[in-house]
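Visitor: Protein chains in written order, with our numbering: chain U, 1 to 62; chain S, 63 to 408.
1) Pull out every residue of the stretch 342 to 355 of chain S whose Cβ sits closer than 9 Å to any Cβ of chain U, in chain order.
2) How far does the alpha helix (DSSP H) with residue 242 (chain S) in it extend, from its first residue to its last?
3) When DSSP labels each residue in this structure, what does residue 216 (chain S) get in the three-state scheme?
4) Can you have a look at residue 364 (chain S) and say buried or exposed, based on whether 16 or more other CB atoms are within 10 angstroms of its CB?
5) Please report the residue range of the beta strand (DSSP E) in which residue 114 (chain S) lies.
6) Residue ranges of each beta strand (DSSP E) run of no fewer than 3 residues wholly in the stretch 119 to 169 of chain S, ordered along the chain?
7) If you count every other CB in all the chains shown that lies within 10 Å of the CB of residue 348 (chain S), and 16 or more means buried, which is it?
8) Per DSSP, residue 89 (chain S) is paired with what?
9) Quick one: grab the DSSP three-state call for residue 105 (chain S).
10) Alpha carbon to alpha carbon, what distance is there between residue 55 (chain U) and residue 333 (chain S)?
11) Checking contacts by CB at 9 Å: is residue 58 (chain U) closer than that to chain S?
12) I believe residue 44 (chain U) touches residue 404 (chain S) by the beta-carbon criterion, under 8 Å. Please report the beta-carbon distance rounded to the nearest angstrom.
13) Would residue 104 (chain S) pass as a contact of residue 148 (chain S) if the rule is Cβ separation under 9 Å?
14) Going by the beta-carbon positions, is the gap between residue 146 (chain S) and residue 69 (chain S) smaller than 9 Å?
15) Indicate whether at least one CB of chain S lies closer than 9 Å to the CB of residue 29 (chain U).
16) Mind reading off the beta-carbon distance from residue 292 (chain S) to residue 381 (chain S)? Whole number of angstroms is fine, and I expect it under 8 Å.
17) Skipping 5 residues on each side, what residues in its chain have a beta carbon closer than 7 Å to that of residue 345 (chain S)?
18) Could you pull the start and end residues of the beta strand (DSSP E) that residue 332 (chain S) belongs to?
19) Where does residue 7 (chain U) land, buried or exposed, given buried means 16+ other C-beta within 10 angstroms?
20) Between the stretch 273 to 300 of chain S and chain U, which residues of the former have a C-beta closer than 7 Å to a C-beta of the latter?
21) Using CA atoms only, rank isn't needed, just tell me which of S:335, S:172, S:82 and S:246 is closest to residue 213 (chain S).
22) Using DSSP with H/G/I as helix, E/B as strand and the rest coil, what is residue 182 (chain S)?
23) Going by C-alpha distance, which of S:287, S:408 and S:309 is nearest residue 49 (chain U)?
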């Protein structure tokens, strides 16, 4: 729920897949799911290392 | 009516920091600001005793000090206890708030006064605390005591105490049902029209205000740092051995990750009450991504993954509680020299 994270003032936010499994894709097979999780976590770590001036939200890639 | 007044070493005239470790004691009658209190109470009430405790003594042994202070207070058989006012003094605020709440728990009405931002307020059960807002410093003594006496006498009298805004005490965070003559739409339009006309209006539901914190900057290169996993998603060892709450969280826990490369179904689970748990229970890495964190750590993207993860429950959790949990987790991480976290959330 990125909107909640924005509202409460989190500064670095990476949108997950869904509320019930933010870092998973339960319907898309284990390999694809694992790749997806790795991408999301990698993006979050990159964002952590970036210097941000204001609240930054990385929306979910469509 | 018998009234007991609680004050610290400073207002008792004993001295400042050098005697702040004084143990609780009792003096007959009123003392220091108690003299004004006694006058304001009028003819039907009297300060029969003053209980004094050093602020450091109270702050450093809160449980013990509370017990000792309460023994002294109860021995006086008070019908009302007045604590402080503490203004913006943190330890004194903690003491006044704790004593007032302990009295309420014994069925004795109590009232205190402090600056609304006194940090002591955060450490007590606000639902049981009747505190009037004061100025930050002792310059506000007269008006503070007047307000405290007004609330104190009202609480011991026949007439029920009204709402915080009407009576002039700090909100206790308690909601009570009440019947309104007008329906919500009419009241909303009425407020809107007042707003447009530039007249005063009072919201029925004050919105919570959130902290805004400037974005932090990593203290070094990611590849050299130790990073910890934190989650609000209630991921616990299977069976929830420590009984983490499913909702209205008040606690945080940390669990070891030694020897684990993956969180497996049947070994870890979520007890979060705010979403369908099936997907996470099937594979807890879907919210606490230990598997890929191990991979990325091995590849050197981060220096090291902390050997424990932190967990709390972010479900209908009071903002005040969430702020405290966050502060406590952050303090624990800093104590362990961890300067980067990934917080996963549903």
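Built from N, CA and C at the ideal position, the CB exists for glycine as well.
Guide: Based on what the coordinates show:
1) Against chain U - using a Cβ distance shorter than 9 Å - the residues of the stretch 342 to 355 of chain S are 342, 344, 345, 347, 348, 349, 350, 351, 353, 354 and 355.
2) In the DSSP assignment, residue 242 (chain S) falls outside any alpha helix (DSSP H), carrying neither H nor E.
3) DSSP places residue 216 (chain S) in the helix class (H, G or I) of the three-state scheme.
4) Residue 364 (chain S) is buried by the Cβ-count criterion.
5) Unbroken beta strand (DSSP E) run through residue 114 (chain S): 108 to 115.
6) Within the stretch 119 to 169 of chain S, the beta strand (DSSP E) runs of at least 3 residues that lie entirely inside it are, in chain order, 142 to 149.
7) Residue 348 (chain S) counts as buried, since at least 16 other C-beta atoms from the protein chains shown sit within 10 angstroms of its C-beta.
8) According to the DSSP secondary-structure assignment, residue 89 (chain S) is paired through a beta bridge with S:112.
9) Here residue 105 (chain S) sits in coil by DSSP.
10) For residue 333 (chain S) and residue 55 (chain U), the distance between alpha carbons rounds to 30 Å.
11) At a cut-off of 9 Å, the C-beta of residue 58 (chain U) has no neighbouring C-beta in chain S.
12) Their Cβ separation, rounded to whole angstroms, is 6 Å, which keeps residue 44 (chain U) and residue 404 (chain S) in contact under 8 Å.
13) Residue 104 (chain S) places its beta carbon 9 Å or farther from that of residue 148 (chain S).
14) Taking 9 Å as the cut-off, the Cβ atoms of residue 146 (chain S) and residue 69 (chain S) count as close.
15) Not one chain S Cβ lies under 9 Å of residue 29 (chain U).
16) Your pair residue 292 (chain S) and residue 381 (chain S) does not check out as a contact, with CB atoms roughly 18 Å apart and the cut at 8 Å.
17) The answer, listed in chain order, is 327.
18) Start and end: 330 to 332.
19) Residue 7 (chain U) is exposed by the Cβ-count criterion.
20) Considering only beta carbons, the part of the stretch 273 to 300 of chain S lying closer than 7 Å to chain U consists of 273, 274, 275, 277, 279, 280 and 284, in chain order.
21) If we check each option's Cα against that of residue 213 (chain S), S:172 comes out closest.
22) Under the three-state reduction of DSSP output, residue 182 (chain S) falls in the helix class.
23) Among S:287, S:408 and S:309, the Cα nearest to that of residue 49 (chain U) belongs to S:287.
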